[in-house]
Every structure is written in structure tokens, then in C-alpha cells.
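Chains as they are written, first to last, in this note's numbering: chain A, 8 to 606; chain B, 8 to 606.
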């Protein structure tokens, strides 16, 4: 099947009707990003996703990337699609005009990134990885470095990577071994092995620019001795000329569960020449600059899989005839009724739909905050947006990718045994999106970031900044009596959220393991509440539109039904999460390591 | 890695210390199945699983089955392993001596089936599929049919299949189209296409015997017009001689997410000669005979994946160094501490451990019931066992396979990004076990079987038969005060289970969709309670052993710790399931089909 349609109307609903993006763009001075222009760009992006990327998704998975003698060949059609992407000007959309970009808002690009990833997760990673590299050089590179690299990266003829992980160090970057020795000419020689480097080597661009973390010879141990370097595959001249080959080679590519069209590379630096980016030993700080957008980007990949799985399952559920409906014959001319009539199939479809639409609202809200942090002239507004973003980023990353596991699993389950068969595309979605809870910081890492670093680390202040907004909103709709039950539920959840935070902080003061013991439940609990807040707002807007008689009433009625489903059957998952969190750390920590043993 | 160790001690604990299998076997007249003999057989089975099957698991996945011109070649080593299995006498273990079997109990075989499937899910399906075929012919075949087929099947030189599914009909067998026309000689000519036929064609045995459901020319429509036939790949003489080829061909094999070493075949019957098994139009009734054991067998596949994923994750968690423990340095000589010290890693490992061990106790309890239904001379005992089995079978099938999705997902998650890489084996476990919630009746089908057919269909009686046992047990341990909290929790859950059943029945009297709307939550809810009952019993036995000072105290302490984890963090999942169930059908059924549409 491999059916995919970019959810333009859903995105525009969130941007225009829910979150006031027209004013948002105008306020930030994005004068080109008018509603008409946004729609025109979306329409082109949708065509590209549907007609160029989706058709090479299944074949890319079947074919995979090939490695031979250090050369990586991407699946048939990937290179050509990338060429079209470059020609369409997509690579530079959000970057400054002085580097050849179009200076459009971050959010505009990110909304469409969801669709590209829905259509072809593997392919979308190649241009996606360039963004981190561009951001690094834009923020922290010298003018000379920017001249050497940025025009080509923004134009798309060169692509970029981020080289962090080493075999013995993943999350714990303090254990980093890769070395950088200073040369006489001010450059550095890098030596070491990096693994899991997405887009580390491929045939889609003329050159590959690696951002590499490494240690200087007398760097302090741990994370305080990490510096950042830019190391190209081919040396670059001062104006971005492509010169001779650098000592950077791809040792192999990984055989993985999914995203098989994405080359996951072992990259060897054998005295490769590179340049220091930013200050010595402050490499991790430079990287934190765009950690939020990178993590939101991974969350979007999860969202993209939820959406695609929903679309596939829905099409099948309307088509597949099996059994008669429990409530009476629905398809008298056929031998059986479409399975969408069966309550449990609807439960699965509505779970997918509620996650896709609710998570999208949260994601587009987070993108709006990123826009402010990047483009606002108002320092207070920036600080305020940064506070909310600090809290929401780990939730976006982990909640959108964890729920994607459930949504893609239901994508298969709605198909029954057919879901397991490659040709329907459902199993590929599940395999591809499985990486999303692991890379760019596992769910466990996001959960510790949220609970320990953000919430407890700010003594609860970052939580309050966001929950004040939610409580204000609930107060503001008090006169809409039809929403009182949901609004009260959110309001009570907010109080409970604070209470639980307080409980955990008290327990953690005595036993620091309490933070880790509660963390993932806490993150998921937070996610259900936050997305519930967006479902409440979507329902209120939808009812207003119905009352006003504007727009497509079926679209708004669907929003109200889905909100009801969310409040009845998904938000209620907080009940078990609370029980688990409140049970404390002892049930995890009391068992001796040896007692886990297999006998 | 591909590490696997058969959990012999765990199985023996459940059989001997928890469920009184020694007396059970003696009561049923299995005089050969003494504890010593059981241990000796287990020891051989463990070696076979660990040394023969596990080593060809990853290679079998990478290589897959090959189809060419109707011929299917299984992965390297599969045929040889099967030959060793046949020579070891494993194929006939539970079958009557008159067909060349060893007449040992069903349960004995099933306990080991878990290990074979842990070691190599794909491979284990080939001998597994023969069982249904053998059971059918043993129960319903004529003496002539038994002579033609059973010796070879029991001896293993021939293998069998079950041919049910067709392209347009999966769960809804009433839509079956395959035709059987009577021949003059009393045989039938079968014409039609079957899909998803596991072990339908392969190179491991000399002949393949298909049990096929089809319609006679003037059969009533629906499930009441389905008859059962035996149709061999090669015709058979009266004493089991292999003769010329029958008109049965393999049209292709499926490309699937997992179990790639298992050939999933399209089988075409083009006027193939077969023989009626049992009575005309009563085919489905014949199949229900061993539905329980087939579904428990699929549940065991889920359990096997949970166990294997736990073993892999545990080994990695002890080995991988990353960060220091929150509670202080644990590995001062190393650069970081093993990740098993991190609370969230323990949460994942304990979830796997609690599911593997709790689910195994439930499974071995269900096997005991199957033994009684098969071998008891006491009709009352048989009826009683059948009642409990009717209730528990869909729970075993669906709960053990659904929790396997979580356990195998954690298997990957504990590894971080490495979990996504093929060489560690974790992603294969997740892919292989994904089929288990879909084949042999999806989770949705099991849930309707449990709630509508078994519980409501018996007006609650089948539920009461089991819950009386649980309540009796809770009463019997009332004096053990240390277990009062857990015992009271189970007791209250049992009351709630009845109350919820009552609620659903009342709602369903008005709206039959209420059954489907609650069904999967109801099944999972039931599963958590039932497994909680077994964790309670295991904890009580473990404490008794510690008090007595017999056996390995660390083993029993681990049981108590894991029980605590189960009661604190897994049984509490019933809270959200109750909320979802009690929310009723409207939040699923009120949305119009068109409102699901993608815009």
C-alpha cells in the first residue's frame, strides 16, 4: 500500500486556529511567512513528501545502504530525491540570507519535517543531520569557518553530521577518548573512532562536514574537557572550494532493525585535520545551544510514525471486511462489515488519532517557543520561552517517541496477520520508529533531564512557569460549562503533578535513587497531562467553530469526539503511573545485583 | 551475543514447589514422569536449546527462507537441527506408544517448548505445527487415516500443518471459499488458496501433511458449513508409504518483519486429493478440541521471548559501564558503574523478570489443567479443569504475548542505541515475537473470547470457578501477616473483577458494542490479577523455604523482591484499565466513520 497524505489541514488548524501563528510570525518580524505563503509552501512540501519520498520508502528499506571499501551507496532514488530537494531550495529554508538561506522561521520547516519523516524516515535523516552541523557553525564558528562551510551546507551541495558516540560511551560523554592534537598552523589533528554516525558517509552530496567532539591533550577529565571541532571529509578552501581528501574514513555501516536506508556509520579519524569550534573544553556547552531543537526533531520523527501508522490502519479498517458489526449489519451487500465497525478496532484507531493530533499540537506549541528563543528581540520573552522549552523538550522527545511505539504497533495490529507482512508497510513503520526512544538521548535520559535537571534542579520553578499557563487557561474557560469536567480534570492533574513533585523531592533528599526510580513514570505522566491540556484547547476551539458555523463541521466534530476519547481512555493512564511513582525506589534498589541472576 | 540459558531451575520451582507436579503426574498415571526423569529430560532439552538451536537463530534470521519454483529452502543448519531433534525422540514425546510415541504428559513437552522457542522461535515452529496435525488425526481421524499418517508424523520423518486462513478471511472463517468435491473412491478433490501457512513447504521432512478446512459442494454458508480434510504433499500408502506427488504447491512465501527462518507459505490446492476428517460440516468443532493447547503454545512463544530478552538485557546491564550510580560509586576501579545500578534500568529488568516468572507460573498452571483434560479418568475433575482452562486460555495467549512486546522492547531499551543493532540479538527477539499477538487469534479475538464467549456466555460461572480458588487461597494464608497487604489486594481485585463484569453485562444488555469496547482492557486487567495471584503464591512458598532453611536463599529472596515489584508497579496498572473499561462504548462508537477521515 504505502499510502501517505501530508496532514496539511491538521497542521494549519493547530497553527492558525489554536496557536495564533499569523500574529506570532508577524510579531517576530517574519514578514514573508504570511498565511498564504505558508499554505503555498506546505502544498509544495506535501507534494514532495507524497510523490517523491513515499514511493522510495519501502524500496529503500528492502535495498538498504551498501558499504564497500569505505564507500556507502544509498538506496535507489535517494540521491535523486535529495537533488530535487536541493533544487527546491528546501535545505536553506530557515537559514540566514547571507549564507544563501531564506530566513524563514524554524517552526515552518519543522512542521514539514514531520511529513518528510512520515513519508520516508531514513531519507529525511540526511538533510536533518545537516541542521545540527549548520546550527553549530552559525552560532559558534569563526567567520573563516563559516565561509569555508556554510554556503555549501545551506545550499545543500554539502551535508553535515554530528559525531558524538564512541564504542564505550553513549550517554556518558565524559568517557570520551577521541583526541585532538594542535598543529602548527592553528588546525588540529583528530584521532579516534566514532560510532552510530547517521549520514556519516553516503553518495548524496559532494562533501560531508563532521562536527566532532574530542579531547585536547591536557584537557580535564570528564565532560569539562570536551572540545568541538569541524572536520570535513574533503578539505575546504577559504571560499568553500572542495580540495583533497582528509583522513576521515567510514569503517563500516551497522545492520539494524530499521531505518535501513539511513547509513549508520563507524567513522575513523586517523589524524584528520580539523578546526576548533568555540572555546577549548567548552564543547558540550556549544552543543546545548541547539539540543532543544534536535530533541524536538526526534520527537517529530515519533509523531510522523504515529501519523503514518494511523493513516495506513484507517485505510485498511475501512476496506477489510471481517465479521458483522455487534450493533447490526453495516454492509448488507457485502459478505461482512468493514472492521472499522468493531469497537476494539476503533479503540486502536482512536488511540493513534488522539496521539497524532494531540502530540502535534504540543510539538507545534514547542516550535513556537523555539521561534521566540531564536528570533525575538524581547529578552524577557526569550527567557520565558526558554523556561517553558526547558521543561517541555524532554517531554516532546520522549512522549512523542514512546507513544509512537504504541501507535505503530496498533498500525500492525489493526491489520491482523497482514500487519506482519512487509508489503503493507506497517511493520516498517514500527521498525523504523523503534530507534527514536533510543537515539538523541534515551527515554531514561530524557526522564532524568526532566525530573532531576529541570524540575528538581529549578526547585520546581520551571514546572510552575508552565502550569501557571495551564491553570490560567482552565480559569479562562470556566463559563463554558460543557468543558468543566475536562477542565477540572486537567486542573486537578496540575495540582497532583505539583504534589507528586514535592513528594519525590522529599524522598530524594534522603535517597537520590528516588529520582531515577520515578523518572520515566513521571515523564509519561507529565506527557499525558500536557497533551490533555492541548486536547482541551482543541475541543474548545472546535466547539467555537461549530457555534460560529465556520469551516467544516465534521472536522470539528471529530476533534470533539477524539478529545472525549482522550479524556476517557488515555488521560486516565495517569492513575497507574501515579501508583507506580509513589511506590518509591526500594522495590527497585533492594534487590542485590546477584539476585537478578539467571539460574 | 546470542546468549541463552534454559531456565530449568525456574521451571522446576514452579512445577515442584509451587504446583505439586510430582503428585499431579502420579495421580494421572504418568508413572515414567518421576522428578528424576523430568530433570534428566530437561537437562537434555536445555542442551539442545542452548547448543543446537540458539547458535542458528541469528544466522537463520539473516539468511531467511528461500523460495524457488515452489521449493522452499530453510536456513543453514535448520534441517540438521531437525534431524537431531527427530533422532533424540523429541517429536513423539507426548503421543501414544501405539504410534511410536512415549506417552509422556503434555505439560512436560510444553515446559520445554518455551526453551526451544527462546533459543530459536522460527525453528521451533516447524515441529510445533506438527502437533496440531497429529492431535487432529489422533482425535478425529479414522483408523485408516491414522495408519497412513500418524507413525510418520509422530516419528518426525513427516511434518504437518494447519491450513485455515485465506486471503479474504482470517478470523472470520465463515467466509471460507476453499472447495472439496467428493470423488468416487471416497476421497475428495480440494481446490483453493490458503495463505499464512507456517511450515507449509520446506526441506526438513520427507512429506508434509496438511490439515485443511474447506467447504463441501452443498455445505451451509458460514461456519456451519466447514469440513476438515487431511491432504498430504505426497500421497501416502495404507501403511504410510510415501507415494507420488499430490496437487499441492507452494505459490510463494511471505516477506515478514520477523520469524524469517519460518516459511510462511501460500499453498495452492489444485484438485488435490484429500480425506474427510470427522463429520461433514463439523470441521470447526474438531478444531476446537485442541484450540486450548494451540493457544497456550502461542502464549509460550511470548513467554519465551520475554525470558530471552531478560537474559540478554541482564547480561548487558551488568557489563556496560556508563555514569556513576546515583547512590555512590559502585565500581571504583572502572571509569563508570555498570548500568544495572541505575534505578530505571532496574525498573526495566524487573518488569521483564516479573513477567517472565509470573507468566511462567500461570502457563505451567494452565498446562496442568490441560494434562487433566487429556489424561484424567475422573470426569468431574476433567469438567472442572476444562472450566478453568476455558477462562484462562485466552488470558494465557494474549497476556503472555502482549507483555512480551513490552519485555522485548525493554530488551532493546536497556542496550540504548546498541539494542537497535542486529548483532546483539535484542531486535530480532522484538521482531520475532511481534507476530504472537496476531496469529492464532489476535489479542482482540482472545479478548472477545474471554469476555463475551466465556464470561458473559457462562453468565459469570466460568469466572467464579476460578476466582473461588483464588479467594480460598487468600483465606488460607490469612495468618501469614507479612502477606496480608498483597493478599488483600488480590482479594479486593477479585471482588472488583466481579463488579466490573456485572457492570459490563448490564451495559451490554442495552448495547452489545459494550463488550467489544471493554474487551481488551478486560483481558489485560484479568491477566494482571491472575499473574498477581501466582506472584502471591510464589512469595509465600519462597518465604516458607527461607523459614525452613532449605534450598538457595538468594533464589527465594529474589522471588520476594520481584513479588514486591510486581505488586507495587505492575498490578497497579489495573487502575488505569478500570478507568478505561468503565468509560463505556460511546467514546468509541459515537464518531462517524467519515469523521475518522484524513484531511
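Backbone N, C-alpha and C define an ideal beta-carbon position, used for all residues, glycine too.
Compare the C-alpha of residue 453(A) against each of 97(A), 533(A) and 489(A) and name the closest. Counted from its first residue, the first chain places residue 453(A) at position 446. Ranking the options by Cα distance to residue 453(A), first place goes to 533(A).
is_contact[residue 594(B), chain A] using C-beta, thresh 8 Å: On the second chain, position 587 is the one that residue 594(B) refers to. Closer than 8 Å to some Cβ of chain A, the Cβ of residue 594(B) qualifies, so yes.
Would you verify that the beta carbon of residue 485(A) is, or is not, closer than 8 Å to some beta carbon of chain B? Sequence index remark: in the first chain, residue 485(A) carries index 478 (1-based). It does not: the Cβ of residue 485(A) has no partner Cβ on chain B nearer than 8 Å.
Got a sec: which bits of the stretch 353 to 369 of chain B sit with their beta carbon under 8 Å from any beta carbon on chain A, in order along the chain? 353, 354, 356, 357 and 360
Using a Cβ-Cβ cutoff of 9 Å, what residues of the stretch 254 to 285 of chain B are near chain A? List them in chain order. 261, 262, 263, 264, 265, 266 and 271
Ignoring anything shorter than 4 residues or poking outside the stretch 423 to 505 of chain A, list the alpha helix (DSSP H) runs there in chain order. 433 to 440, 450 to 455 and 468 to 483
Tell me whether residue 281(B) sits in a helix, a strand or coil according to DSSP, three-state version. The count along the second chain starts at 1 and reaches residue 281(B) at position 274. Residue state, collapsed to three classes: strand.
Using beta carbons (cut-off 8 Å, strictly below), is residue 602(A) in contact with chain B? Reading the first chain from its first residue, position 595 is the one you call residue 602(A). Cβ-Cβ to chain B under 8 Å: yes for residue 602(A).
Selection from 569(A), 434(A) and 205(A) that minimises the alpha carbon distance to residue 81(A): The sequence position of residue 81(A) within the first chain is 74, counting from 1. Checking every option, the nearest Cα to that of residue 81(A) belongs to 205(A).
Which residues does DSSP pair with residue 169(A) in a beta bridge? Against the first chain, residue 169(A) aligns to sequence position 162. Note: residue 169(A) sits in a beta bridge opposite 218(A).
Residue 79(A) by DSSP, collapsed to three states: which one? To locate residue 79(A), count along the first chain from 1; it is residue 72. Here residue 79(A) sits in strand by DSSP.
Identify whether residue 336(A) lies in helix, strand or coil by the three-state DSSP scheme. Mapped onto the first chain, residue 336(A) falls at position 329. Three-state result, residue 336(A): coil.
Can you give the Cα-Cα distance for residue 463(A) and residue 508(A), rounded to whole angstroms? As a working mapping, residue 463(A) is identified with position 456 in the first chain. As a working mapping, residue 508(A) is identified with position 501 in the first chain. Using only the alpha carbons, I get a separation of about 8 Å.
Using a beta-carbon distance cut-off of less than 7 Å, what residues from the stretch 569 to 587 of chain A approach chain B? 571, 572, 575, 576, 579, 580, 582, 583, 586 and 587
In the DSSP assignment, what residue or residues form a beta bridge with residue 275(B)? Stepping through the second chain from its first residue, residue 275(B) is reached at position 268. 200(B) and 256(B), per the DSSP bridge assignment.
Measure from the alpha carbon of residue 414(B) to the alpha carbon of each residue in 437(B), 430(B), 267(B) and 404(B), then state which is nearest. If you number the second chain from 1, residue 414(B) lands on position 407. Among 437(B), 430(B), 267(B) and 404(B), the Cα nearest to that of residue 414(B) is on 437(B).
Within 8 Å (strictly less), CB to CB, does residue 67(B) reach chain E? Chain labels in this structure do not include chain E; the protein chains are A and B.
Find the nearest neighbour of residue 329(A) within the set 527(B), 46(B), 47(B) and 183(B), judged by alpha-carbon distance. In the first chain, residue 329(A) corresponds to position 322, counting from 1. Looking at the Cα atoms, 183(B) is the closest of the given residues.
Whole-angstrom Cβ separation of residue 88(B) and residue 63(B), contact assumed at under 8 Å? On the second chain, position 81 is the one that residue 88(B) refers to. On the second chain, position 56 is the one that residue 63(B) refers to. 6 Å between Cβ atoms; contact.
Spatial neighbours of residue 256(A) in its chain, beta-carbon cut-off 6 Å, leaving aside the 5 residues before and after: Along the first chain, one-based indexing puts residue 256(A) at 249. Within the same chain, residue 256(A) has close Cβ partners 77 and 275.
Using only CA atoms, which one of 268(B), 58(B) and 273(B) lies nearest to residue 70(B)? Position 63 of the second chain, counting from 1, holds the residue named residue 70(B). That would be 268(B), whose Cα lies nearest to the Cα of residue 70(B).
When you compare the CB of residue 462(B) with every CB in chain A, is at least one pair closer than 8 Å? For the purposes of this step, residue 462(B) is taken as residue 455 along the second chain, with counting starting at 1. No, its Cβ sits nowhere closer than 8 Å to a Cβ of chain A.
Does the CB of residue 597(B) have a neighbour CB from chain A at under 8 Å? Here residue 597(B) refers to the residue found at position 590 when the second chain is read from its first residue. Yes, its Cβ sits closer than 8 Å to a Cβ of chain A.
Close beta carbons around residue 549(A), own chain, < 6 Å, minus the five adjacent residues each side: The sequence position of residue 549(A) within the first chain is 542, counting from 1. For residue 549(A), where only same-chain residues beyond five positions count, the Cβ hits under 6 Å are 563, 566 and 567.
Among 380(A), 160(A) and 99(A), which one has its Cα closest to the Cα of residue 249(A)? One-based indexing of the first chain puts residue 249(A) at position 242. If we check each option's Cα against that of residue 249(A), 160(A) comes out closest.
In this structure, how does DSSP classify residue 241(A) when only helix, strand and coil are distinguished? If you number the first chain from 1, residue 241(A) lands on position 234. Residue 241(A): strand per DSSP, three-state reduction.
So for residue 301(B), helix, strand or coil by DSSP? Locating residue 301(B) in the second chain gives position 294, where the first residue counts as 1. Reduced to three states, the DSSP call for residue 301(B) is helix.
Any chain B beta carbon closer than 8 Å to residue 25(A): Residue numbering aside, residue 25(A) sits at position 18 when the first chain is read from its first letter. Taking Cβ atoms only, chain B never reaches closer than 8 Å to residue 25(A), which makes this a no.
Three or more C-beta pairs under 8 Å: does that hold for the stretch 316 to 329 of chain A against the stretch 534 to 548 of chain A? no
Counting beta carbon pairs with one atom in the stretch 187 to 196 of chain B and one in the stretch 341 to 353 of chain A, are three or more of them shorter than 8 Å? no
What does residue 519(A) reach in chain B if we use C-beta pairs closer than 7 Å? Here residue 519(A) refers to the residue found at position 512 when the first chain is read from its first residue. Per Cβ cutoff of 7 Å: 333 and 334.
Any beta carbon from chain A within less than 8 Å of residue 8(B)'s own beta carbon? Here residue 8(B) corresponds to residue number 1 of the second chain, with the count starting at 1. Summary for residue 8(B): the model assigns pLDDT 48, below 50, so the residue's position carries little reliability; its value from the coordinates is reported in the next sentence. Chain A, which has no Cβ nearer than 8 Å to the Cβ of residue 8(B), makes this no.
Where does residue 293(A) sit, in a helix, a strand or coil, going by DSSP? One-based indexing of the first chain puts residue 293(A) at position 286. Reduced to three states, the DSSP call for residue 293(A) is helix.
Does the stretch 121 to 131 of chain A come close enough to the stretch 288 to 303 of chain A that 3 or more CB-CB pairs lie under 8 Å? no
How would you list, in chain order, the residues of chain B whose beta-carbon sits under 9 Å from the beta-carbon of residue 83(A)? Numbered from its first residue, the first chain carries residue 83(A) at position 76. The contacting residues do not exist; residue 83(A) stays about 18 Å from chain B at best.
What are the residues of the stretch 522 to 547 of chain B that lie near chain A, defined by any Cβ-Cβ distance shorter than 8 Å? 522, 523, 524, 526 and 527
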